[in-house]
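In the numbering used here, the protein residues as written are 418 to 574. Down below is the structure, laid out as structure tokens.
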């Protein structure tokens with residue numbers, strides 16, 4: 418309980434202080450978990466707030482692009498581990514080399530394809546940039562899904 422003495426100072430008992438701190442920690446942990454678990458919720462909210470404003474949409478696309486590229490990088494790293502494991506019994510780097518070449522070819526494809534999309538989009542430079550970002554997002558998602566389904570699914574483990 419909280420009490421004030423004659424001089425007006427507040428006396429917080431130790432048990433009450435522990436409860437307050439515990440509630441604060443629980444709320445902070447719940448807030449952090451909700452924030453960490455739902456980056457796409459934040460991105461979707463960004464798009465909703467952006468409406469038809471191309472500049473605001475571009476900011477949302479940037480956020481989504483960072484997220485999708487991080488997911489892609491993670492998938493590539495996990496597939497690289499699998500490729501190395503498949504090569505180990507043969508004491509070669511055949512699968513690893515082919516994966517690295519495929520990833521380089523995909524990176525080149527994304528650059529060229531999305532540059533083409535940007536150059537064929539009619540509108541302001543903001544709209545062109547947004548089209549290129551959306552292109553990258555879609556292609557990275559496609560490749561990430563392919564890597565996960567083909568090489569990382571539980572059926573292949």
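Ideal Cβ positions, reconstructed from N, Cα and C, are used throughout, including at glycine. Treat the numbers as computed from the prediction; the structure is a model and nothing was measured.
The beta carbon of residue 482 sits closer than 7 Å to those of 550, 553, 554, all from its chain and outside the five residues before and after it, given in chain order. Nearest to residue 489 by C-alpha distance, out of 562, 568, 566, 570, is 562.
Taking a cut-off of 8 Å on C-beta distances, the region 457 to 469 does not touch the region 536 to 550, as fewer than three cross pairs fall below it. When the five nearest sequence neighbours on each side are left out, the beta carbons in the same chain lying within less than 8 Å of the beta carbon of residue 474 are those of 464, 467, 547, in order along the chain. Within the same chain, Cβ atoms closer than 7 Å to the Cβ of residue 477 are found at 460, 463, 464, 467, the five residues on either side in sequence being excluded.
A residue is called buried once 16 or more other Cβ atoms fall within 10 Å of its Cβ, and residue 567, having fewer, is exposed.
Cβ-Cβ separation between residue 495 and residue 569: approximately 6 Å, consistent with a contact (criterion under 8 Å). Rounded to whole angstroms, the Cβ separation of residue 492 and residue 564 is 4 Å, and the two are in contact under 8 Å. Cβ neighbours of residue 511 within its own chain (closer than 7 Å, five residues either side excluded): 504.
Nearest to residue 542 by alpha-carbon distance, out of 455, 499, 458, 471, is 471.
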